[in-house]
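Take a look at the structure below.
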């Protein structure tokens with residue numbers, strides 16, 4: 002079916018309400034917009050679905066939500082009656098239409114005979130992962146677009162271990178969706194009817210309490226906070242999102258007396274009125290937090306994204322101004338602290354493991370191994386970290402104490418299988434207090450780690466390529482890098498090329514080809530003669546190619562020079 006035929010099919014469907022019909026009529030003379038919305042469905046992958054909220058097949062709307070849920074329901078039902086009885090846990094974030102979409106998903110699951118546990122209102126993403134595990138559910142659904150701009154929404158799916166879907170299940174759903182008509186192939190029953198019949202159950206404070214009891218059990222050191230509580234001031238912002246309740250609860254439970262929450266951003270609002278982007282990776286979003294921190298004399302700022310799975314921090318530098326701490330740096334600080342804190346508290350397991358992604362700083366590996374902790378790499382995505390954690394622990398090889406990726410996601414403890422900003426916020430604050438007892442800020446601590454482990458540096462470039470044309474450009478760039486791989490980058494020789502699609506490793510000097518453990522992901526890696534690694538991969542959730550520079554220098558100047566030099570090369574990729 003052509004995109005124009007799909008457009009006309011939607012226009013003619015009685016499933017559309019008056020407002021949706023008017024929206025489609027308004028683009029009748031805009032063929033490019035029609036093509037963008039109807040050239041094909043949103044691709045269902047291991048991260049589920051994510052797109053802008055418009056009417057159309059390649060968008061996020063209630064019809065796409067129902068269609069995706071019917072496909073997921075088919076996969077769950079194929080597991081048998083026991084899987085339907087175990088059912089699905091369902092959660093949503095603060096975005097516009099999230100509750101509407103979540104209830105629509107619940108209605109489809111219920112009509113397929115699948116028991117649903119749905120939160121009464123928005124909750125942090127890690128609590129959904131927890132609920133799947135805590136209530137022994139077969140699966141989970143989370144309506145969220147995480148840290149994306151306000152125009153977006155998304156649909157994440159989880160399996161019985163509480164992790165996002167493994168590739169084989171995502172592929173099974175994608176196959177089901179090919180067979181389901183988006184309007185006539187959906188089973189539905191009214192929410193209130195399903196609730197009356199016991200097919201839909203509401204989760205509330207009792208689940209929060211269970212979740213928070215696990216979070217608070219992660220505390221290693223209450224004494225440090227008690228020592229500095231009278232003088233320790235910190236600022237927190239949830240960026241209008243799901244962290245607004247449980248993160249402050251955790252921090253006050255740790256003993257923080259002077260917690261200053263940014264009042265304008267404690268307001269739940271999917272339009273994110275105070276920021277251009279509600280992403281803690283973007284330091285400009287912290288401007289209100291910085292104003293408040295300067296007013297109250299805080300040295301530590303913490304912010305969580307709208308679904309409270311990512312956390313970013315800012316610390317006061319030597320000149321008194323606030324600087325952002327990258328996800329890589331935050332993870333290194335937390336890993337180094339956590340190993341020491343667990344050891345001091347007698348909580349470090351006999352064979353500790355640490356997991357990171359292939360695009361996360363190598364400084365983390367250095368920290369782990371220098372402290373007797375085994376480091377393993379995974380592909381980007383916490384489903385892969387969860388899979389590796391499950392494998393290591395089920396085989397009795399050791400216990401994973403922490404997992405993290407450079408994009409501000411951290412997984413701690415055994416009760417979730419996804420990134421968790423609630424627990425990470427607790428540990429980061431405990432860490433800040435511990436350093437305060439030592440007379441150090443987190444800025445001081447980071448400088449000390451560079452002196453101890455080496456001057457590592459990282460930079461991520463996002464080559465944004467929106468629209469259908471963008472998808473073609475992304476594919477063309479990856480193809481050209483494979484067809485004509487660089488022998489030198491910024492004048493430095495490429496020693497090894499790694500292609501994670503097939504797991505191949507090429508020695509560029511000899512041409513020898515070997516295999517590595519990881520394969521099955523569209524990522525290229527170049528390892529250079531000066532110790533730098535550069536990785537290139539298409540984003541799984543946004544229309545962009547991400548290029549990661551991981552380098553090390555003998556001092557700050559050499560490190561920063563390397564980042565600047567290789568960034569110039571990255572800029573040539575889109576010319």
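Numbering (the numbering used here), first residue to last: 2 to 576.
Glycine is no exception: its CB is placed at the ideal position from the N, C-alpha and C atoms.
In this text the structure is predicted, and so the values were computed from the model without any measurement.
Of the residues the options, the one placed nearest residue i, counting alpha carbons only
i, options, result
"residue 534", "525, 540, 541", "525"
"residue 578", "491, 574, 543", "The first residue shown for the chain is 2 and the last is 576, placing residue 578 beyond what the model contains."
"residue 447", "338, 258, 151, 97", "338"
"residue 141", "104, 430, 102, 92", "92"
"residue 431", "37, 225, 235", "225"
"residue 150", "219, 54, 442, 400", "54"
"residue 354", "214, 342, 373", "373"
"residue 83", "60, 116, 99", "116"
"residue 474", "455, 574, 504, 386", "574"
"residue 546", "486, 467, 377, 26", "467"
"residue 180", "190, 69, 248, 256", "69"
"residue 239", "250, 297, 229, 327", "250"
"residue 158", "452, 106, 278", "106"
"residue 393", "408, 375, 406", "375"
"residue 424", "293, 128, 60, 504", "128"
"residue 232", "389, 301, 290", "301"
"residue 382", "3, 455, 538, 510", "538"
"residue 380", "521, 57, 397", "521"
"residue 31", "51, 5, 48", "5"
"residue 7", "114, 21, 287, 35", "35"
"residue 555", "454, 477, 471", "454"
N-terminal and C-terminal residue of the beta strand (DSSP E) that residue i is part of
i, result
"residue 500", "493–500"
"residue 538", "534–539"
"residue 508", "505–508"
"residue 456", "456–465"
"residue 301", "301–305"
"residue 261", "259–262"
"residue 317", "312–317"
"residue 288", "No beta strand (DSSP E) holds residue 288; the alpha helix (DSSP H) holding it covers 288–297."
"residue 96", "Counting along the chain, residue 96 falls outside any beta strand (DSSP E), and DSSP gives it neither H nor E."
Pairwise C-alpha distance: residue j and residue i
i, j, result
"residue 500", "residue 530", "18 Å"
"residue 218", "residue 346", "12 Å"
"residue 99", "residue 528", "43 Å"
"residue 110", "residue 199", "13 Å"
"residue 549", "residue 459", "7 Å"
"residue 400", "residue 356", "11 Å"
"residue 412", "residue 133", "16 Å"
"residue 184", "residue 361", "43 Å"
"residue 148", "residue 452", "33 Å"
"residue 131", "residue 33", "43 Å"
"residue 384", "residue 419", "7 Å"
"residue 214", "residue 39", "46 Å"
"residue 187", "residue 63", "12 Å"
"residue 342", "residue 236", "23 Å"
"residue 119", "residue 144", "11 Å"
"residue 113", "residue 166", "20 Å"
"residue 228", "residue 258", "11 Å"
Endpoints, the alpha helix (DSSP H) within which residue i is located
i, result
"residue 369", "363–371"
"residue 78", "63–78"
"residue 391", "383–395"
"residue 566", "557–572"
"residue 110", "99–112"
"residue 144", "Residue 144 -> not in any alpha helix (DSSP H); beta strand (DSSP E) instead, spanning 140–144."
Distance between beta carbons of residue j and residue i, contact taken as under 8 Å
i, j, result
"residue 312", "residue 427", "With a Cβ gap of about 10 Å, residue 312 and residue 427 do not count as contacting."
"residue 344", "residue 442", "Incorrect: roughly 23 Å between the Cβ atoms, too far for contact."
"residue 122", "residue 138", "At roughly 19 Å, the Cβ-Cβ gap does not stay under 8 Å, so residue 122 and residue 138 are not in contact."
"residue 220", "residue 255", "6 Å"
"residue 305", "residue 248", "6 Å"
"residue 463", "residue 407", "Contact flag wrong, Cβ pair sits at about 13 Å."
"residue 456", "residue 560", "4 Å"
"residue 551", "residue 363", "6 Å"
"residue 174", "residue 72", "5 Å"
C-beta atoms of residue i and residue j nearer than 8 Å
i, j, result
"residue 271", "residue 78", "no"
"residue 334", "residue 369", "no"
"residue 43", "residue 25", "no"
"residue 314", "residue 519", "no"
"residue 171", "residue 46", "yes"
"residue 261", "residue 299", "yes"
"residue 309", "residue 422", "yes"
"residue 86", "residue 243", "no"
"residue 241", "residue 268", "yes"
"residue 177", "residue 75", "yes"
"residue 303", "residue 263", "no"
Proximity test, residue i beta-carbon vs the ligand GDP heavy atom, cut-off 7 Å
i, result
"residue 324", "Summarising the ligand content, the structure contains no ligands, and the ligand GDP is consequently not present."
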